[in-house]
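Each residue of the sequence shown is one higher than the last, beginning at 1 in the UniProt record's numbering.
Written out below as structure tokens is the structure these notes cover.
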Amino acid sequence: MRINRINSIYRPALSKEKHSLTYIYTAISKPMGYPGIHEFTAMGLLDDKIDYHDSENQVKVPKQSWMKERLQQDYWKKGTHGCTALLGNVQDDGSIKFNRGMDMYNYDGRDFLLFDDGNGVWVASVEPVVTTKRKWDGVLVLKEYTKGYLENECIKWLTEFLDYGQKHLKEVSKPEVFLYTTKSKVKSNVVLNCLPTSFYPKDIIVQIKQNDHVLSKLDGLETSDVRPNEDDTFQRRDHVKILKSDVSTYSCQIIHKTSEIDIEKVWAGGSNTAIIIGAVIAALVLVGVLVLVVSKITGKIGRWTMLYNL
Numbered sequence: 001m002r003i004n005r006i007n008s009i010y011r012p013a014l015s016k017e018k019h020s021l022t023y024i025y026t027a028i029s030k031p032m033g034y035p036g037i038h039e040f041t042a043m044g045l046l047d048d049k050i051d052y053h054d055s056e057n058q059v060k061v062p063k064q065s066w067m068k069e070r071l072q073q074d075y076w077k078k079g080t081h082g083c084t085a086l087l088g089n090v091q092d093d094g095s096i097k098f099n100r101g102m103d104m105y106n107y108d109g110r111d112f113l114l115f116d117d118g119n120g121v122w123v124a125s126v127e128p129v130v131t132t133k134r135k136w137d138g139v140l141v142l143k144e145y146t147k148g149y150l151e152n153e154c155i156k157w158l159t160e161f162l163d164y165g166q167k168h169l170k171e172v173s174k175p176e177v178f179l180y181t182t183k184s185k186v187k188s189n190v191v192l193n194c195l196p197t198s199f200y201p202k203d204i205i206v207q208i209k210q211n212d213h214v215l216s217k218l219d220g221l222e223t224s225d226v227r228p229n230e231d232d233t234f235q236r237r238d239h240v241k242i243l244k245s246d247v248s249t250y251s252c253q254i255i256h257k258t259s260e261i262d263i264e265k266v267w268a269g270g271s272n273t274a275i276i277i278g279a280v281i282a283a284l285v286l287v288g289v290l291v292l293v294v295s296k297i298t299g300k301i302g303r304w305t306m307l308y309n310l
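Next up, the structure:
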């Protein structure tokens, strides 16, 4: 017998991409005796794993570097706690406005009870828990606590810890740049690709040049436009078809003003390699490729849940 409590928080970002924060609690009625199967586990995810707790180790473990660096040690010693399901809208000033929330439970994979914040009532999905639903609806302090927690505490913590993640990204936002060729459908051609990735924020200038002439759509240039990576940084790929026999000098210039990066790579013909000929603003000279790994925007969410016997 397995009971799951799933808590999810969704926060649309300032652009079209979205982030989800989910806490999954799993309780098993009796020990299974299998390695890695615990009587109780809790896992926090924000687009990726952020922390973990089980009944054997009795301690929360950070799964992202920024969680370990920015949260105080007592957070990891207090045991697991989590926010309930929450949907928030991001305003023009970057703040999050509460939209709706719920506290949801399921049994062996099936939903059986949830708190509907909009109507202030518990909703039973199956007949056996209707009695519990009525009992909990009659506990005014429980409803007020759950509603207030969703609409105030969760929003405050979500805002605070997403800000931590944003600051972490800004510290490691410089682009990693790749200039390479791929096969073309036409045997006499190759596709020259320029790919900056792992940069934040998303504003970036990408220019593929032929003999110092900046190529455009009229020259056959195509672009993916800026796309999100899984870690909330961004990437963009521009490409153009060229003849294998072309002896022109091709290069790609990347300008990312926020991270003070202005570099240019030259394609070394058939060797499919690139040479850096640019420099970094602020007197930082780059030799080779910058390789930077960033952690995901995450948030600390926490509370002790008030539960009544079913």
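C-beta atoms are modelled at their ideal positions from N, C-alpha and C, and glycine is treated no differently.
Status (buried if at least 16 other CB within 10 Å, exposed otherwise) for I205: exposed
Host beta strand (DSSP E) of R110 (start-end): 110-116
Span separating the alpha-carbon of V266 from that of T182: 16 Å
Cα-Cα separation between Q210 and C252, rounded to whole angstroms: 9 Å
Inter-stretch contact (C-beta, 8 Å, three-pair minimum) for the stretch 226-237 and the stretch 185-204: yes
Inter-stretch contact at 8 Å, needing at least 3 Cβ pairs: the stretch 114-129 / the stretch 138-153: yes
Extent of the continuous alpha helix (DSSP H) to which K241 belongs: No alpha helix (DSSP H) contains K241, which is instead part of the beta strand (DSSP E) from 238-243.
Buried versus exposed call for S173 [16 or more other C-beta atoms within 10 Å across all chains shown]: buried
Distance, D232 Cα to D47 Cα: Caution applies to D47, whose pLDDT of 47 falls short of 50 and renders its modelled position unreliable; the value that the coordinates give is listed next. Cα-Cα distance, rounded: 9 Å.
Distance between H213 and V177 (C-alpha atoms, nearest Å): 20 Å
S259 classed as buried or exposed, judged by whether at least 16 other C-beta atoms fall within 10 angstroms: buried
Check whether I194 and L218 have beta carbons under 8 Å apart: The question names Ile, but residue 194 in the sequence shown is Cys. Result no, Cβ atoms of C194 and L218 do not sit closer than 8 Å.
DSSP beta-bridge partners of A124: L113
Residues of its chain near L269, where Cβ-Cβ distance is below 7 Å and the 5 sequence neighbours each way are ignored: At residue 269 the sequence reads Gly, which differs from the Leu that was named. Correct list: empty, nothing qualifies.
Buried or exposed (CB count within 10 angstroms, at least 16 for buried), D225: exposed
Counterpart residues of T182 in DSSP-defined beta bridges: V191
Closest Cα partner of D137 within the set S248, S184, I261, L113: L113
Run of the beta strand (DSSP E) containing V206, from where it starts to where it stops: 205-210
Assigned secondary structure, E151 (DSSP; H/G/I helix, E/B strand, else coil): helix
Close-in-space but distant-in-sequence residues of the same chain around L215 (CB under 7 Å, 5 per side omitted): I208, K209, L221, V240
Boundaries of the alpha helix (DSSP H) in which K135 is found, first to last residue: 130-137
Reference K244; option with closest CA among E160, H256, S188: S188
Exposed unless 16 or more other CB atoms sit within 10 angstroms - verdict on G82: Only weak support exists for where G82 lies, its pLDDT of 43 falling under 50; the coordinates are left without a value.
Buried/exposed call for D246, threshold 16 Cβ in 10 Å: exposed
P175 and I261 closer than 8 Å at C-beta: yes
Three-way DSSP call (helix, strand, coil) for E160 in this model: helix
Residues of its chain near S184, where Cβ-Cβ distance is below 8 Å and the 5 sequence neighbours each way are ignored: V190, V191, K241
Separation of V186 from N152, as counted between CA atoms: 59 Å
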